[in-house]
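Residue numbers (mature numbering (1 follows the signal peptide of the UniProt record, and there is no 0)): -21 to -1, 1 to 210.
The beta-carbon is built from N, C-alpha and C at its ideal position, and this holds for glycine as well.
Notes follow the structure.
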Amino acid sequence: MHCRITISLLMYIYIFCFLAADGCTDWSVDYKKYQVLVGEPVRIKCALFYGYIRANYTLAQSAGLSLMWYKSTGPGDFEEPIAFDGIRMSKEEDSIWFRPTVTEDSGLYACVIRNSTYCMKVSIALAVGDNDTGFCYNSKMKYFEKAELSKSKEILCPEIEDFIMPYREPEIKWYKECKAKTWRPSIIFKRDTLVIREVREDDIGNYTCELKYGGFLVRRTTELTVTAVYL
């Protein structure tokens, strides 16, 4: 069987010519998991274009490959084609956008690229959860960082690239334990990062960064632990 693709595309994409016409290479569930709070937007990227094949969405299209999305509630469950409404949930190039998410969006999203002779698939997990009662975060969706006393520490506002406008500095607000705070002079802010120049014991806690994306809020919470310096 010969793969019907252009020679130029061979530089970018792995094609398994031994694959049966009715078969599909299944990479199971990708290592990257998306976790967001209810009401937040999220972009789920088809992981095939970010580590499984040497091609982007445009090159795949030019080779006659189509991209399809399916959803299931868990491994082994029946996958259903996704009906995009183009408003709250839309397919945009190699991604699904949710603006915003609801609890029922949780599950596995399988992206499949195929033509008559080629098929490859990978699933991506999305978890949508509520805030813990009385808090601005879900304790199961936090990030974690460690710092040493008296040393400097940077806390990044993670995974917000999809919500930053090109050529514009992001307007990010920072909170500690979900409350606005008057920060001491040795704590400064650089773009998407909170910098503690000299870590103290009372810096232990939960740091939440918040930015606006259209009419939505995006929040990420990082729990910082502080340890003594060992000589």
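Residue pairing by DSSP puts Tyr122 in a beta bridge opposite Thr201. Within the same chain, Glu177, Val178, Val208 come within 8 Å of Lys130 by CB-CB distance, once the 5 residues on both sides are set aside. Membership of Thr4 in the beta strand (DSSP E) is indicated by the continuous run 4 to 16. For Leu44, the secondary structure class from DSSP, reduced to helix, strand or coil, is coil.
Runs of the beta strand (DSSP E) lying entirely within the region 156 to 198, each at least 3 residues long, are 166 to 169, 172 to 175, 184 to 192 in chain order.
The beta carbon of Lys70 lies closer than 7 Å to those of Trp48, Phe63 in the same chain, with the five residues before and after it left out.
Taking all protein chains in view, the Cβ of Phe123 is surrounded by fewer than 16 other Cβ atoms within 10 Å, so the residue is classified as exposed. Taken atom to atom, the span from the alpha-carbon of Ser41 to that of Ser102 is near 23 Å. About 6 Å separates the CB atoms of Ser74 and Ile23; that is less than 8 Å, so the two are in contact.
When rounded, the separation of the alpha-carbon atoms in Ile167 and Val91 is 44 Å.
Shown here, Tyr116 sits in coil according to DSSP, grouped into three states, outside any helix or strand. Looking at the backbone, the Cα of Tyr29 and that of Leu16 are separated by about 24 Å.
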